[in-house]
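Asks: Here it is, the structure, as structure tokens.
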Amino acid sequence: MKIIVENVVKEYATVKAVNSLSFTVNRGEIFALLGPNGAGKSSLVKMLTGFTKPDSGNIQVSLDDQQFDAIPNWALGYLPEDRGLYPEKSVIDNLVYFAQLNGMTKTAAKEQANIWLEKFDLTERTNDQLKSLSKGNQQKVQLITAVIHQPQWVILDEPFSGLDPVNQEKVVVFLQELKKLGMTVLLSAHQMAMVEKIADRIMLMNKGEQVFLGTLKEIVKQVGGANQIVAKYQEPLAAETVASVLQDLEHQQINDTSLRVVGNASVNLNLLSNKLTELGQLVSLQSQQLDLHQIYIQAIEQHGGQINEAK
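Just so it is clear: in the sequence shown, position 249 is 249 by UniProt numbering, and no numbers are missing.
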């Protein structure tokens, strides 16, 4: 399966939710879609799944030598932001029910359900009512419903939501397994550390437009080789002095004796070094690449957006 999106536009009244968006998702990759509220992510997903149509532009889905203008339902597994299981039903009944809706026999559904429940350490809860499970375990069951019928394309909206760090790591393993099974995954999430760990490519949207697209390494280059300098000093720093000396640079005072300066390839390192030395006696000076969370914030701010959901 391959998806090609070309110059897609979607408008609602006076709002251009998606503006001339173009990108490709390749078979078997984990493609992360990031962006603040109102960026256009939901509008894009609705078009990819055929719930709405583009006002202009084209979406081409290639699947088994056939062409579609959206992902066909029979090839899709979907984890929506608003979860939709039956709390009074047992775990196994929920899974079998949704698997049968997607064309599986009851026998095959039970077999697949038991395989996935074992992977998520939920075998002992098979016959329990869904509502008796913790929020995190209910989330795992919801994830299983999205893939139990072995779709070729999976869209996961906030798959890490409600999970503790241990179970977030289990979802990472889960996503890696989907990739091994040949599924193509479009992932929308706020947990940047998890996205950074699992995504093959990342696209950031803001105000309906593409801000950046590529691997993490490519994105770092796109934002100018973004990095940060962490300086530690022997004596406490005066906030007023720091603000005055570093007024032309993006910086943050970490504590009384440490500060962080965000830079890119255009920053004059000699000038920066002189400014940092001017502040006092340095104990150490370290250069670190920005992580995805920091790049996200920097890119959205530069694109004129508000940071309202990065975590």
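Idealized CB from N, CA, C, for every residue including glycine.
Looking at GLU278: is its Cβ nearer than 7 Å to the Cβ of VAL230?
Replies: Here residue 278 is taken as the residue at index 278 of the sequence shown, counted from 1. Here residue 230 is taken as the residue at index 230 of the sequence shown, counted from 1. No, the pair does not count as a contact, with Cβ atoms beyond the cut-off.
Asks: Classify PHE120 as buried or exposed, calling it buried when 16 or more other Cβ atoms lie within 10 Å of its own Cβ.
Replies: Position 120 of the sequence shown holds residue 120. Label assigned to PHE120: buried.
Asks: Of all the options LYS232, GLN129 and VAL261, which has the alpha carbon lying nearest to the alpha carbon of ALA243?
Replies: As a working note, residue 243 is residue 243 in the sequence shown. Comparing Cα positions, the closest option is VAL261.
Asks: May I have the straight-line CA-CA distance separating GLN286 from LEU249, to the nearest angstrom?
Replies: Here residue 286 refers to the residue found at position 286 when the sequence shown is read from its first residue. Here residue 249 refers to the residue found at position 249 when the sequence shown is read from its first residue. Cα-Cα distance, rounded: 17 Å.
Asks: What do you reckon, are the CB atoms on LEU76 and LEU156 nearer than 7 Å?
Replies: Locating residue 76 in the sequence shown gives position 76, where the first residue counts as 1. Locating residue 156 in the sequence shown gives position 156, where the first residue counts as 1. Result no, Cβ atoms of LEU76 and LEU156 do not sit closer than 7 Å.
Asks: Report the three-state DSSP secondary structure of ARG125 (helix, strand or coil).
Replies: What you label residue 125 is simply residue 125 of the sequence shown in a count that begins at 1. Three-state DSSP puts ARG125 in a helix.
Asks: How many angstroms separate the CA atom of THR52 from the CA atom of ASP200?
Replies: Here residue 52 refers to the residue found at position 52 when the sequence shown is read from its first residue. Here residue 200 refers to the residue found at position 200 when the sequence shown is read from its first residue. The straight-line gap from Cα to Cα measures roughly 27 Å.
Asks: Work out the CA separation of ASN37 and SER132 for me, nearest whole Å.
Replies: If you number the sequence shown from 1, residue 132 lands on position 132. If you number the sequence shown from 1, residue 37 lands on position 37. Answer to the nearest angstrom: the Cα atoms are 32 Å apart.
Asks: For SER62, collect the residues of the same chain with a Cβ closer than 7 Å to its Cβ; drop the 5 residues on either side in sequence, then sort them by chain order.
Replies: Along the sequence shown, read from residue 1 onward, the residue named residue 62 stands at position 62. Once the five neighbours on either side are set aside, the close Cβ partners of SER62 are MET1 and LYS2.
Asks: With DSSP collapsed to three states, give me the class of PHE120.
Replies: Here residue 120 is taken as the residue at index 120 of the sequence shown, counted from 1. Coil.
Asks: Would you call GLN281 buried or exposed, if buried means 16 or more other Cβ atoms sit within 10 Å of its Cβ?
Replies: The residue given as residue 281 occupies position 281 in the sequence shown. Answer is exposed; the Cβ neighbour count stays below 16.
Asks: Which of the three DSSP states, helix, strand or coil, is assigned to GLN60?
Replies: Along the sequence shown, one-based indexing puts residue 60 at 60. In the structure shown, GLN60 sits in a strand (DSSP, three-state: E or B).
Asks: Sorted by chain position, which residues of the same chain lie with C-beta nearer than 6 Å to ASP69's C-beta, five sequence neighbours on each side aside?
Replies: On the sequence shown, position 69 is the one that residue 69 refers to. So the qualifying residues of the chain are ILE59.
Asks: Rounding to the nearest angstrom, what Cα-Cα distance links ILE307 and TYR296 in this structure?
Replies: Along the sequence shown, one-based indexing puts residue 307 at 307. Along the sequence shown, one-based indexing puts residue 296 at 296. Caution applies to ILE307, whose pLDDT of 48 falls short of 50 and renders its modelled position unreliable; the model cannot decide the point.
Asks: Taking TYR296 as part of the alpha helix (DSSP H), name the residues at either end of that continuous run.
Replies: What you label residue 296 is simply residue 296 of the sequence shown in a count that begins at 1. Per DSSP, TYR296 belongs to the alpha helix (DSSP H) from 292-302.
Asks: Looking only at its chain, what residues have a beta carbon closer than 6 Å to the beta carbon of HIS149, apart from the 5 residues adjacent to it on each side?
Replies: Residue numbering aside, residue 149 sits at position 149 when the sequence shown is read from its first letter. Same-chain partners within the cutoff: ALA99, ASN102 and MET104.
Asks: Just the Cα atoms here: how many angstroms apart are LYS180 and TRP153?
Replies: As a working note, residue 180 is residue 180 in the sequence shown. As a working note, residue 153 is residue 153 in the sequence shown. The alpha-carbon atoms of LYS180 and TRP153 are separated by roughly 13 Å.
Asks: Count the other CB atoms, across all protein chains shown, that sit within 10 Å of the CB of ALA239; report buried if there are 16 or more and exposed otherwise.
Replies: As a first step, residue 239 is located in the sequence shown; it is residue number 239 there, counting from the start. Its Cβ having fewer than 16 others within 10 Å, ALA239 is exposed.
Asks: Can you tell me where the alpha helix (DSSP H) holding PHE174 begins and where it ends?
Replies: Position 174 of the sequence shown, counted from the first residue, corresponds to residue 174. 165-180 is the span of the alpha helix (DSSP H), which, as asked, contains PHE174.
Asks: Any idea if ALA173 is buried or exposed, counting beta-carbon neighbours within 10 angstroms, 16 or more meaning buried?
Replies: If you number the sequence shown from 1, residue 173 lands on position 173. The sequence shown places Val at residue 173, rather than the Ala named in the question. The residue in question, VAL173, is exposed, as its Cβ has fewer than 16 Cβ neighbours within 10 Å.
Asks: Can you tell me which of LEU272, SER258, LEU122 and ASN255 puts its alpha carbon nearest to the alpha carbon of GLN247?
Replies: Residue mapping note: residue 247 aligns to position 247 of the sequence shown, counting from 1. Cα-wise, what sits closest to GLN247 is LEU272.
Asks: Suppose you measure from the CA of ASN137 to the CA of THR107; what does that come to, to the nearest Å?
Replies: Working through the sequence shown from its first residue, we reach residue 137 at position 137. Working through the sequence shown from its first residue, we reach residue 107 at position 107. Cα to Cα, the separation comes out at about 24 Å.
Asks: Buried or exposed for GLN234, please, with buried defined as at least 16 other CB atoms from any protein chain shown within 10 angstroms of its CB.
Replies: Residue mapping note: residue 234 aligns to position 234 of the sequence shown, counting from 1. GLN234 should be labelled exposed.
Asks: Do you know whose CA, among ASP82, SER161 and LEU178, lies nearest MET192's CA?
Replies: Against the sequence shown, residue 192 aligns to sequence position 192. Per the Cα distances, SER161.
Asks: Hey, quick one: how far does the beta strand (DSSP E) through ALA17 stretch, first residue to last?
Replies: Translated into the one-based positions of the sequence shown, residue 17 becomes position 17. It spans 15-25 - the beta strand (DSSP E) in which ALA17 sits, taken as one unbroken run.
Asks: On the three-state DSSP scale, how would you describe LYS53?
Replies: Stepping through the sequence shown from its first residue, residue 53 is reached at position 53. In this structure, LYS53 counts as coil in the three-state DSSP scheme.
Asks: Let's test the definition: count the other Cβ atoms within 10 Å of the Cβ of LYS41 and tell me whether it reaches 16, buried, or not, exposed.
Replies: In the sequence shown, residue 41 corresponds to position 41, counting from 1. Buried is the call here.
Asks: Could you please give the first and the last residue of the uninterrupted beta strand (DSSP E) stretch that includes ASP157?
Replies: The residue you call residue 157 lines up with position 157 of the sequence shown. Its beta strand (DSSP E) spans residues 153-157.
Asks: Over what stretch of residues does the alpha helix (DSSP H) that includes ILE71 continue unbroken?
Replies: Numbered from 1 along the sequence shown, position 71 holds the residue referred to as residue 71. No alpha helix (DSSP H) holds ILE71; DSSP gives it neither H nor E.
Asks: So, using beta-carbon positions, are GLY57 and GLU6 closer together than 7 Å?
Replies: By one-based count along the sequence shown, residue 57 stands at place 57. By one-based count along the sequence shown, residue 6 stands at place 6. Yes, the Cβ-Cβ distance between GLY57 and GLU6 is below 7 Å.
Asks: I'd like to check one pair, LEU33 with MET203: are the Cβ atoms closer than 7 Å?
Replies: To locate residue 203, count along the sequence shown from 1; it is residue 203. To locate residue 33, count along the sequence shown from 1; it is residue 33. Cβ atoms of MET203 and LEU33: closer than 7 Å.
Asks: Between the beta-carbon of GLN288 and the beta-carbon of GLN210, is there less than 7 Å?
Replies: Sequence index remark: in the sequence shown, residue 288 carries index 288 (1-based). Sequence index remark: in the sequence shown, residue 210 carries index 210 (1-based). It is not a contact, given that the beta carbons lie outside the stated cut-off.
Asks: In whole angstroms, what separates the C-alpha of THR49 from that of ASN114?
Replies: On the sequence shown, position 49 is the one that residue 49 refers to. On the sequence shown, position 114 is the one that residue 114 refers to. Rounded to whole angstroms, THR49 to ASN114 spans 28 Å at the Cα level.
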